[in-house]
Amino acid sequence: MSQLVLDDLHSLAPGSPAQACFHLNFELTGPACLGLTGPSGSGKSLLLRAIADLDPSGGTASLDGIDRNSIVAHQWRTRVGYLSADSAWWSDQVGDHFIGLQPYGFEKLGFNDSVLNWSVARLSSGERQRLALSRLLSRSPEVMLLDEPTASLDPDRTIAVETIIADYARAHNAPIIWVSHDKDQLQRVAHHRLLLDGNGHIEALS
Amino acid sequence: MNMISLTALDLGLAALLVICVALISWRLRLGNSSQILLAAVRTTLQLLLIGMVLKVLFAASNPVWIALMALIMLLAAGREVMSRQKRRFAGSWGYSMGTSSMFISSFSITVLALLVMVEPQPWYQPRYAIPLLGMLLGNTMNGIALALDNLTHNAWDKRPVIEARLTLGMTWSEAISDIRRDSIRVGMIPIINAMAIAGLVSLPGMMTGQILAGSPPLEAVKYQILIMFLIAAGTGFGTISAVMLGCRRLFDERERLRLDRLR
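Line by line, the protein sequences are chains A and B.
For the first sequence, the tail end lands on 206 under our numbering, and the numbers increase by one without skipping.
For the second sequence, the tail end lands on 1263 under our numbering, and the numbers increase by one without skipping.
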């Protein structure tokens, strides 16, 4: 059972507007999912980046009682898996991004192993998004921070991806923080939902 | 020495050629004619000045003055490295990173060459020390400036990729490894090329100078080979050190990519 505890966590990313750097207190026990929604620029992505320790941040974050500052940053990021809205690929071939990994859920995501030989440049945005999810889950994170994980997918694929994520969360007891513009989606996947108003205020949605 | 001394008229004729180029570039609206003239004036004044300084320095052969001269050369090279970068490190880092790397490589190699290979008496004799240091600084400066510019430019452009690697649990060093390798390679390209074509396409400047001054060609060649090796070593060490320092500085203690440290 993984428990993510955020205490007064807020982004201190240089150059970010103050109203986007809201403070969050939350305890999330896997496989529960916290949904975040709100207008663009309200700081949803900044919050995920702060939890993943990609930007300077204030407050504390701990996983299963282990404060993130007590372990080296790359270990924290291995445990707290962050999926950014735009996936980045550093090599021409898909397979180069899965070296030494057992690709997670290719079949359910609509791929077979031949995708490893595909060229990244020829992937559609939806394919990229699904492969980025597989790339993340292949590393067995204990927490999932998902930034618009289905934004480029059609409705059928969206449902399939939601199922894969929920299955992973149950199998690993992994808490999820799910950022989405789609309130219906959060209704389906999230157990708790927060609305950011873009002025630094947080409102719980029932 | 049976060197033919140049007169002011000789230099004036050569200057006319530069003025011709400036005129043509003005007609073609290249927008750099004033730059050409300014650079030509600068080169004249700076070289005349250094000529006089060297004259005094050679006559005095005082280690304190030589050290001071070496320091000024180093600081000027450090400034040049910084100004050649589009996105340089903010604050004192921008200056000290290149300067310290040049200090490590150029200075130590010059001293080594003077003590072990050239062995003038005394070892700091300015006729050997200053030109050697100058050649080393000039070339390591090129390598370091290219390498650091490549590093900061690529780190800026490839931020999504570097951060994607970080989010997948890689260390900062793994996350920037390909950019680091690339930057070091870029810094070493000029000296590798120079060594590869030396004597075939171009006669290196120092050798040309020695031959013009009346040295036997083979003596000049030996010096040139020594200099090439020293420059290659200096550029290699200096570039590696500068890029390593630069990479470390791009990440903070929590292995976050800190592009806000560039400007």
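Every residue, glycine too, gets a C-beta built ideally from N, C-alpha and C.
- Query: How many angstroms separate the CA atom of Leu123 (chain A) from the CA atom of Gly110 (chain A)?
  - Reply: 13 Å
- Query: Touching or not, the segment 1231-1239 of chain B and the segment 1048-1064 of chain B, by the rule of three or more beta carbon pairs under 8 Å?
  - Reply: no
- Message: Please list, in chain order, the chain B residues whose beta carbon lies closer than 7 Å to that of Thr78 (chain A).
- Response: Gly1169
- Task: Sort B:Leu1137, B:Val1118, B:Trp1172, B:Lys1086 by Cα distance to Asn1150 (chain B) and report the nearest one.
- Result: B:Lys1086
- Bridge partner(s) assigned by DSSP for Arg284 (chain A): With chain A represented from 1 up to 206, any question about residue 284 (chain A) goes unanswered, as that position is not in the structure.
- Item | Residue from B:Lys1055, B:Glu1174, B:Gly1098, B:Val1056 with nearest C-alpha to Leu1075 (chain B) | B:Gly1098
- Within-8 Å CB hit, Tyr104 (chain A) to chain B: no
- Task: Output the distance between the C-alpha atoms of Leu6 (chain A) and Gly15 (chain A), rounded to the nearest integer angstrom.
- Result: 23 Å
- Query: The beta strand (DSSP E) with Asn25 (chain A) in it runs from where to where?
  - Reply: 24-29
- Can you tell me where the alpha helix (DSSP H) with Met1135 (chain B) in it begins and where it stops? If you look at Met1135 (chain B), you'll find it in the alpha helix (DSSP H) that goes 1126-1157.
- So which residues on chain A does Pro1160 (chain B) lean against when the C-beta distance must stay under 8 Å? In chain order: Ser84, Asp86, Ala88.
- Are Tyr82 (chain A) and Leu36 (chain A) touching if we call contact CB-CB under 8 Å? no
- Message: Against chain B, does Pro149 (chain A) count as a neighbour if the rule is that its beta carbon must be under 8 Å from one of theirs?
- Response: Residue-level contact by beta carbon fails for Pro149 (chain A) and chain B, as no gap is shorter than 8 Å.
- Message: In whole angstroms, give me the CA-to-CA distance for Met1135 (chain B) and Ile1109 (chain B).
- Response: 11 Å
- Query: Using the beta-carbon of each residue, which ones in chain B are nearer than 9 Å to Arg139 (chain A)?
  - Reply: Those are Leu1168, Gly1169, listed as they occur along chain B.
- Whole alpha helix (DSSP H) elements within the segment 63-129 of chain A, 4-residue minimum: 73-79
- Around the Cβ of Ile1130 (chain B), are there at least 16 other Cβ atoms within 10 angstroms (buried) or fewer (exposed)? buried
- Query: Mapping DSSP to helix, strand and coil, what is Val1021 (chain B)?
  - Reply: helix
- Quick check: the segment 1010-1024 of chain B against the segment 1036-1047 of chain B, are there 3 or more CB pairs under 8 Å? yes
- Item | Segment limits, alpha helix (DSSP H) that includes Asp7 (chain A) | No alpha helix (DSSP H) holds Asp7 (chain A); the beta strand (DSSP E) holding it covers 3-11.
- Are the C-beta of Arg1165 (chain B) and some C-beta of chain A separated by less than 8 Å? yes
- Is His181 (chain A) buried or exposed, if buried means 16 or more other CB atoms sit within 10 Å of its CB? With a 10 Å radius around the Cβ and a threshold of 16 neighbouring Cβ atoms, His181 (chain A) comes out exposed.
- Query: Would Glu1219 (chain B) count as contacting chain A if we go by Cβ distances under 8 Å?
  - Reply: no
- DSSP three-state call for Ser1241 (chain B): helix, strand or coil? helix
- Message: If we define contact as Cβ-Cβ less than 8 Å, is Glu1255 (chain B) a contact residue for chain A?
- Response: yes
- Query: What residues match up with Val143 (chain A) in a beta bridge as DSSP calls it?
  - Reply: A:Val80
- Task: Within the same chain, show all residues whose beta-carbon is closer than 7 Å to that of Met1003 (chain B), passing over the 5 residues directly before and after it, in chain order.
- Result: Leu1212, Ala1213, Gly1214
- Residues of the segment 6-18 of chain A with a CB closer than 8 Å to any CB of chain B: list them in chain order, please. Pro14, Gly15
- Query: Which residues, in chain order, does the segment 40-56 of chain A contribute to contact with chain B at a C-beta distance below 8 Å?
  - Reply: Ala52, Asp53, Leu54, Asp55, Pro56
- Taking Leu1250 (chain B) and Arg1263 (chain B) to be in contact with their CB atoms under 8 Å, please state how far apart those CB atoms are, rounded to whole angstroms. About 13 Å; that fails the 8 Å criterion.
- Item | Euclidean distance between Cα positions of Gly38 (chain A) and Leu1148 (chain B) | Put simply, the backbone Cα of Gly38 (chain A) is about 41 Å away from that of Leu1148 (chain B).
- In terms of DSSP beta bridges, what is Leu1257 (chain B) paired with? The partner list for Leu1257 (chain B) (beta bridge, DSSP) reads B:Phe1251.
- Kindly list, in the order they appear in chain B, the residues whose Cβ is closer than 9 Å to that of Leu136 (chain A). Going along chain B in sequence order, the residues near Leu136 (chain A) (Cβ under 9 Å) are Thr1167, Leu1168.
- Task: In angstroms with no decimal places, state the Cα-to-Cα distance between Ala166 (chain A) and Phe26 (chain A).
- Result: 20 Å
- Query: Name the DSSP beta bridge partners of Ile176 (chain A), please?
  - Reply: A:Cys33, A:Met144
- Query: Straight-line CA distance for Val94 (chain A) to Ser1183 (chain B)?
  - Reply: 25 Å
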